[in-house]
Amino acid sequence: MSRGLWDSLIHLRALLGKEFLQLWRNPRLRFFLVVPPLVQSLVFGYAALYDVHHAVIGVVDEAGTQATRELLAAVTAGGHFTVRYYRALQDADAALDCNRIRAIVQFPWDFDRAPVVQLIADGADPNSAQMIVGELGQALNRRARADSIQPPLRVEERAWYNPNLDDRPFFLPGIIANVVFTSTLMLIALSVVREREIGTLERLLVTPVARLEVLLAKMLTVAAVGLFDVILVTAVAVGWFEVPLRGSLIALGLGSVLFLLSTLGLGLVISSYSNTQQQAVLLAFLVIMPLSMLSGFAFPISNMPVGMQWLTWLNPLRFFLVVIRVIFLKGEGVSAFGLEYGMMALLGGIMLLLSWWRLR
Amino acid sequence: MARKEWWHLLRDWRSLALILLMPGMLLFLFGYAIRLDITQAPIAIVQESPSGCARELAARFAASQAFQVVSSPADRRVATQALHAGAVWAVLVIPHDFHCQTSPEQIAVQWLLDGVDANSARLLRNYALAIVEQYAQDLGYRPPLRIQDRVRFNETRDSRLAIIPGVIAIVMAVIGALMTSLTIAREVELGNLVMLRTTPLNRREFLLGKLLPYFCIGMGELAVALAVAVWLFAMPLRGSLPWLVLLSALFLGVVMLQGALLSSLAGNQLLASQMALLSTFLPAFLLSGFMFAIDNMPLVLRYLTLLVPARHYVTLSRVIFLKGVTPLVLWAEAAALLLMFILLYRLTLAQLRKLGLLP
Chain A
1 MSRGLWDSLI HLRALLGKEF LQLWRNPRLR FFLVVPPLVQ SLVFGYAALY DVHHAVIGVV
61 DEAGTQATRE LLAAVTAGGH FTVRYYRALQ DADAALDCNR IRAIVQFPWD FDRAPVVQLI
121 ADGADPNSAQ MIVGELGQAL NRRARADSIQ PPLRVEERAW YNPNLDDRPF FLPGIIANVV
181 FTSTLMLIAL SVVREREIGT LERLLVTPVA RLEVLLAKML TVAAVGLFDV ILVTAVAVGW
241 FEVPLRGSLI ALGLGSVLFL LSTLGLGLVI SSYSNTQQQA VLLAFLVIMP LSMLSGFAFP
301 ISNMPVGMQW LTWLNPLRFF LVVIRVIFLK GEGVSAFGLE YGMMALLGGI MLLLSWWRLR
Chain B
361 MARKEWWHLL RDWRSLALIL LMPGMLLFLF GYAIRLDITQ APIAIVQESP SGCARELAAR
421 FAASQAFQVV SSPADRRVAT QALHAGAVWA VLVIPHDFHC QTSPEQIAVQ WLLDGVDANS
481 ARLLRNYALA IVEQYAQDLG YRPPLRIQDR VRFNETRDSR LAIIPGVIAI VMAVIGALMT
541 SLTIAREVEL GNLVMLRTTP LNRREFLLGK LLPYFCIGMG ELAVALAVAV WLFAMPLRGS
601 LPWLVLLSAL FLGVVMLQGA LLSSLAGNQL LASQMALLST FLPAFLLSGF MFAIDNMPLV
661 LRYLTLLVPA RHYVTLSRVI FLKGVTPLVL WAEAAALLLM FILLYRLTLA QLRKLGLLP
């Protein structure tokens, strides 16, 4: 082995020791490596549900017959709806106005002659409104049709990969990507900027270590943190929330490493544009927000305007999300992700080159 | 003190540009890019039955705004491969025994969904059920029950109308807390607090001077955000504007004090900004009811949302924007914000005393 390379390795080891020590010595920083990913995965696991699991609905039963009571029993039987009774529609309307109920079911007084039900949902939250109207309608129809002629057509539906249409297997793998993205990007940007702000970067650079070695040590440290986060959140998703992990772990690891290339590169570019930590934080936030909004993490890309759909091709997070979700739910191996791996490597390479050019 | 802080802000033009750029960008992004309702979802139709009725049903799916038929293979294995590869979101299979006569037996059409994105899959399921139901009725089926549904305050079911008031809350929460979280931590980090002790400045003046410039910026951003919402996104403002501004100012005050408190607790900028982001952005995004209905959450989490200022603000601003009732109906939310404001103010002053700022 040549002397230069050997020296480099020794420098790198020393620098790595310094970085890890800095990370480890600061108890508050240590706290922030573990707690945010945990909190994020728990909160997302419990809070990020689009489906209706519980809603209070108002009932105005002007008919008050056996038939309407049976229909109402069918609505509450699922356990998703709690019912409050109102004498007149105006009272229920007022309750809907001030958010006491989410929807109204109204049986008109002539229900016996013309069986019509009114469903009124609160459009201030349109997604919930659609889910509530859909579920109420299905429950009412099922009951009403139980003892009469069946419709000539029936839809036999099957949801692949997620038969109960549970929101968790969709969100939790996405959290892995998001946690890694934010934490590594912030960490690398701030660790460079902090050294520059307090002047220790200058001091490091007058020692015999090369600039590349300093950066490499920082990147390796942050990458280790990122991989640790991947493992942590995966463990929570699989162990606690019982999200299925059907694909290969090697494919997940490879995807994570390729994804880290671009987050580290991006973090370094951000650090090159900021003189203070305040600027770095703001800039990082300004980059993180749109990238995570335009990644398909919570909002499907195909719903976006076409121009924005094209823009998402520049977003490494988008490709990592595809890899992670397919691995978790559809269960594929390394060979399935040629395009995604390629794009992440390409974007990562560009980012790293750009950062090297900027920091030189 | 305020003049000094202004001076700080103006000198650091990069930060200032970022602060001014952020709300516009966020609103633009959310307003244009984020839709939960589905249009033109790619589907495949496998028509195994040659009957005219099968063609008619397929044509109805094709004509729907919700779907876009991207392939109609003869073999259902081709279609299911497309579903596995993610090229289509759903597959409609019209089986070979499908015919026009209404017989006592039901005919089943198959609707295969990609369940990975559960919310989209649920919406697609509801759309498909509605089309098939309508078709069954046109074939002469008389349902025993007729259901009329209506979505009030938002008849077109546009998700944007609900998202924009939430975005305004997020923008203000983030800007308010993030900016102020950095400002006191910087003074601590640089050791300026000790120097300030020798001046006749007291804690209240210090805090006010620190926060006032950011408050002005925040209110300016609110004005921009409201203008964009109403004029660019045609957001209806059915309630009273003065109430909205007043409650927004209160909310801004709460999140700024939150940032200041975190800042004086953290003592360094890195930690302060991390804590501010974690304690404002995530809760504002997840626990405010902006994206995910609070009713769905487990009981513990539901109570926890009461501590999130954005939750109260999102409720208030949605009601003012969409329902147009006076916020006095929701006095509890407004009172909660006021209570938080007083509490945070006291706590911040107490924390500043601990840092050695007198009197």
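In order, the protein sequences belong to chains A and B. For the first sequence, the working numbering assigns the number 1 to the initial residue and increments by one for each residue that follows. For the second sequence, the working numbering assigns the number 361 to the initial residue and increments by one for each residue that follows. Positions of the beta carbon are idealized from the N, C-alpha and C atoms, including for glycine.
Over the uninterrupted beta strand (DSSP E) stretch that includes residue i, give me the two end residues.
{"i": "Gly58(A)", "result": "Ala55 to Asp61"}
{"i": "Trp160(A)", "result": "Leu153 to Trp160"}
{"i": "Ala468(B)", "result": "Ile467 to Asp474"}
{"i": "Leu715(B)", "result": "No beta strand (DSSP E) contains Leu715(B), which DSSP labels as neither H nor E."}
{"i": "Ile405(B)", "result": "Ala401 to Gln407"}
{"i": "Val453(B)", "result": "Ala450 to Ile454"}
{"i": "Gln90(A)", "result": "Unbroken run through Gln90(A) is the alpha helix (DSSP H), Leu89 to Asp97; no beta strand (DSSP E)."}
{"i": "Leu329(A)", "result": "Neither: Leu329(A) is in no beta strand (DSSP E) and is coded neither H nor E."}
{"i": "Leu140(A)", "result": "Note, Leu140(A): premise wrong, no beta strand (DSSP E); alpha helix (DSSP H) at Pro126 to Ala146."}
{"i": "Val105(A)", "result": "Ala103 to Phe107"}
{"i": "Gln118(A)", "result": "Val116 to Asp122"}
With burial defined as no fewer than 16 other Cβ atoms inside 10 Å of the residue's Cβ, what is the status of residue i: buried or exposed?
{"i": "Lys714(B)", "result": "exposed"}
{"i": "Ala692(B)", "result": "exposed"}
{"i": "Ile198(A)", "result": "exposed"}
{"i": "Asp122(A)", "result": "buried"}
{"i": "Ala594(B)", "result": "exposed"}
{"i": "Ala377(B)", "result": "exposed"}
{"i": "Asn552(B)", "result": "exposed"}
{"i": "Asn162(A)", "result": "buried"}
{"i": "Gln150(A)", "result": "exposed"}
{"i": "Met651(B)", "result": "buried"}
{"i": "Trp471(B)", "result": "buried"}
{"i": "Leu473(B)", "result": "buried"}
{"i": "Arg671(B)", "result": "buried"}
{"i": "Gln629(B)", "result": "buried"}
{"i": "Ala419(B)", "result": "exposed"}
{"i": "Asn141(A)", "result": "buried"}
{"i": "Val306(A)", "result": "exposed"}
{"i": "Met539(B)", "result": "buried"}
Grab me the residues of residue i's own chain with a C-beta within less than 7 Å of its C-beta, minus the 5 sequence neighbours each way, in chain order.
{"i": "Leu201(A)", "result": "Glu195"}
{"i": "Val238(A)", "result": "Leu245"}
{"i": "Leu282(A)", "result": "none"}
{"i": "Leu16(A)", "result": "Ala217, Leu220 and Thr221"}
{"i": "Leu19(A)", "result": "First, the residue type needs correcting, since residue 19(A) is Glu and not Leu in the sequence shown. Taken in chain order, the residues that qualify are Ala217, Lys218 and Thr221."}
{"i": "Pro169(A)", "result": "Asn162, Val243, Pro244, Phe328 and Leu329"}
{"i": "Ala585(B)", "result": "Pro383, Leu387, Ile528 and Val531"}
Just curious, the alpha helix (DSSP H) that residue i is in, first and last residue?
{"i": "Ser183(A)", "result": "Arg168 to Glu197"}
{"i": "Ser262(A)", "result": "Leu249 to Tyr273"}
{"i": "Ala52(A)", "result": "In the sequence under discussion, the amino acid at residue 52(A) is Val, which differs from the Ala named in the question. First-last for Val52(A): undefined, no H or E at that position."}
{"i": "Tyr495(B)", "result": "Ala478 to Asp498"}
{"i": "Leu282(A)", "result": "Gln277 to Met293"}
{"i": "Phe228(A)", "result": "Arg211 to Ala235"}
{"i": "Ser355(A)", "result": "Gly338 to Leu359"}
{"i": "Gln441(B)", "result": "Arg436 to Ala445"}
{"i": "Gln508(B)", "result": "Taken as a continuous stretch (DSSP letters only), Gln508(B) belongs to no alpha helix (DSSP H), being part of the beta strand (DSSP E) at Arg506 to Arg512."}
{"i": "Arg325(A)", "result": "Pro316 to Arg325"}
{"i": "Leu311(A)", "result": "Val306 to Leu311"}
{"i": "Gln425(B)", "result": "Counting along the chain, Gln425(B) falls outside any alpha helix (DSSP H), and DSSP gives it neither H nor E."}
Whose C-beta lies closer than 8 Å to the C-beta of residue i among residues of the same chain, with five residues either side of it excluded?
{"i": "Leu690(B)", "result": "Thr675, Leu676 and Val679"}
{"i": "Phe297(A)", "result": "Gly174, Ala177, Asn178, Leu317 and Leu321"}
{"i": "Leu89(A)", "result": "Val60, Ile104 and Gln106"}
Identify, in the order they occur along the chain, each residue of the same chain with its Cβ nearer than 6 Å to the Cβ of residue i, setting aside the five sequence neighbours on each side.
{"i": "Leu582(B)", "result": "Ser608"}
{"i": "Val192(A)", "result": "Ser271"}
{"i": "Ala95(A)", "result": "Gly58 and Ile101"}
{"i": "Pro588(B)", "result": "First, the amino acid is wrong: residue 588(B) is Val here, not Pro. Hits under 6 Å: Leu387."}
Considering only heavy atoms of the ligand SAM, does any lie closer than 7 Å to the CB of residue i?
{"i": "Ser128(A)", "result": "Inclusion of the ligand SAM in the displayed structure is not the case, the ligand content being empty and no account of it being possible."}
Measuring CB atoms only, is the region 626-638 of chain B touching the region 560-577 of chain B, in the sense that at least three cross pairs come out at less than 8 Å? no
contact_flag[the region 115-132 of chain A, the region 509-523 of chain B] where n(CB pairs < 8 Å) is 3 or more: yes
Report yes or no: do the region 498-508 of chain B and the region 102-120 of chain A share at least 3 C-beta pairs separated by less than 8 Å? yes
Would you be able to state if there are at least three C-beta pairs under 8 Å between the region 14-34 of chain A and the region 73-93 of chain A? no
Count Cβ pairs between the region 428-448 of chain B and the region 478-491 of chain B that sit closer than 8 Å; are there 3 or more? no
Whole runs of the alpha helix (DSSP H) within the region 626-692 of chain B, excluding any shorter than 4 residues: 629-636, 642-646, 659-664 and 669-678
Three CB pairs or more closer than 8 Å across the region 328-341 of chain A and the region 240-257 of chain A: yes
Any chance you could list the alpha helix (DSSP H) runs of at least 4 consecutive residues sitting entirely within the region 532-584 of chain B, in chain order? 552-556
Flag this pair as touching only if the region 603-623 of chain B and the region 411-430 of chain B have three or more C-beta atom pairs under 8 Å; answer yes or no. no
Three Cβ pairs or more, each shorter than 8 Å: is that satisfied between the region 284-303 of chain A and the region 203-215 of chain A? no
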